[in-house]
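Everything below concerns the one structure shown next.
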Amino acid sequence: MPELILCAEEEQFVLENEWDTAIPFSFTDVKGEGLTLSVFPQAEHVARAFLSGYAENPTSDAALSFLFRVWAPFWGRWGYGEDVFRAGGGYILLPAPPYRGSLAPARRLTAEDEAINETTYDLAETCRAGCLAFGVEDGGRVVSLAVTHEAPEEGQTLAEVGVETIPAARRRGYAAASLSALTAALTARGMTVEYRCQRYNHASRRTALAAGFCEVGKYYYYVGRRTETHGI
Numbered sequence: 001m002p003e004l005i006l007c008a009e010e011e012q013f014v015l016e017n018e019w020d021t022a023i024p025f026s027f028t029d030v031k032g033e034g035l036t037l038s039v040f041p042q043a044e045h046v047a048r049a050f051l052s053g054y055a056e057n058p059t060s061d062a063a064l065s066f067l068f069r070v071w072a073p074f075w076g077r078w079g080y081g082e083d084v085f086r087a088g089g090g091y092i093l094l095p096a097p098p099y100r101g102s103l104a105p106a107r108r109l110t111a112e113d114e115a116i117n118e119t120t121y122d123l124a125e126t127c128r129a130g131c132l133a134f135g136v137e138d139g140g141r142v143v144s145l146a147v148t149h150e151a152p153e154e155g156q157t158l159a160e161v162g163v164e165t166i167p168a169a170r171r172r173g174y175a176a177a178s179l180s181a182l183t184a185a186l187t188a189r190g191m192t193v194e195y196r197c198q199r200y201n202h203a204s205r206r207t208a209l210a211a212g213f214c215e216v217g218k219y220y221y222y223v224g225r226r227t228e229t230h231g232i
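In this text, residue positions in the sequence shown follow the numbering used here: the first is 1, and each later residue adds one.
This is the structure we're talking about:
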């Protein structure tokens, strides 16, 4: 059965503080878990109409067209406009068990590696925040890395991760090696690693597959943004 989650606290915070970006509707559709929708309570009837008509195929063209049509009244009421990137969706991937990722040629990165870092991540800040990062050096410079979005905590069972490789070092397997090393380290801690990529980002999806991941589901979200930035 699909699950509907009403995000009352998030709705109140976003609207009362005139937050720059609002994501009033999102869903995941994962094998073995089914469809889960998260929605602002004011738009609960939209979510129920969506479930009534499109629960069997929530990412179909008809389902997404329905969502595009129904949000216009809410944006005006809430003081938001449709963002140019008003919607996003993609794939959810998990490591294929049993996971035996290799740590080579990637290594654990530290704050000191910021001195040789070529990616857009601030490794000093990333490591100070407790996030875990593994990367690959080429020519004495860190050119590719994989990081956790948050600091892994005791008892945590799921970690979301991301990767980045500088353009000049792509197509060499560095991103897959970095992701594989990070995943192996997190798996050793008893954690499951979740990797998400936009449905049009074929290179990112290939990286996850090369690192030993398999596709388990899809996600989708709808975005509104204020004309002037507030709160960020």
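We put the CB at the ideal spot given by N, CA and C, even for glycine.
Reference residue i; option with closest CA among the options
i	options	result
W75	E18, A177, L123, E160	E18
E56	A210, M1, A208, H149	M1
Y195	A184, A208, A87, Y54	A208
L158	G212, T165, T148, E164	T148
R225	R205, W78, A63	W78
V70	P24, E215, T36	P24
H211	I166, P167, L94, L51	The sequence given here has Ala at residue 211, not His. Of I166, P167, L94, L51, the residue nearest in Cα terms is L94.
Continuous beta strand (DSSP E) stretch holding residue i: start and end
i	result
D29	21-30
T126	Careful: T126 lies outside any beta strand (DSSP E), inside the alpha helix (DSSP H) at 123-128.
T192	192-198
Per-residue DSSP class, three states only, for residue i
i	result
I232	Note that I232 scores a pLDDT of 38, beneath 50, so its modelled location is shaky and nothing firm can be said.
F40	coil
L236	With the chain represented from 1 up to 232, any question about residue 236 goes unanswered, as that position is not in the structure.
E33	coil
E18	coil
S133	Ser is not the amino acid found at residue 133; the sequence shown has Ala there. If DSSP states are grouped into helix, strand and coil, A133 belongs with the strands.
A96	coil
E9	helix
G224	strand
G90	strand
E215	strand
Range covered by the alpha helix (DSSP H) that runs through residue i
i	result
L209	202-210
G76	72-78
Closer than 8 Å to chain B by CB, residue i
i	result
L4	Any reference to chain B falls outside this structure, which holds one protein chain only.
Are at least three pairs of beta-carbons, each pair with one atom in the region 112-131 and one in the region 182-190, less than 8 Å apart?
no
Is the region 33-50 close to the region 92-108, with three or more CB pairs under 8 Å?
no
Which parts of the region 137-164 are runs of the beta strand (DSSP E), unbroken and 3 residues or longer, counting only runs that do not cross its ends?
141-148
Pairs of beta-carbons, one from the region 137-146 and one from the region 213-220, closer than 8 Å: are there three or more?
no
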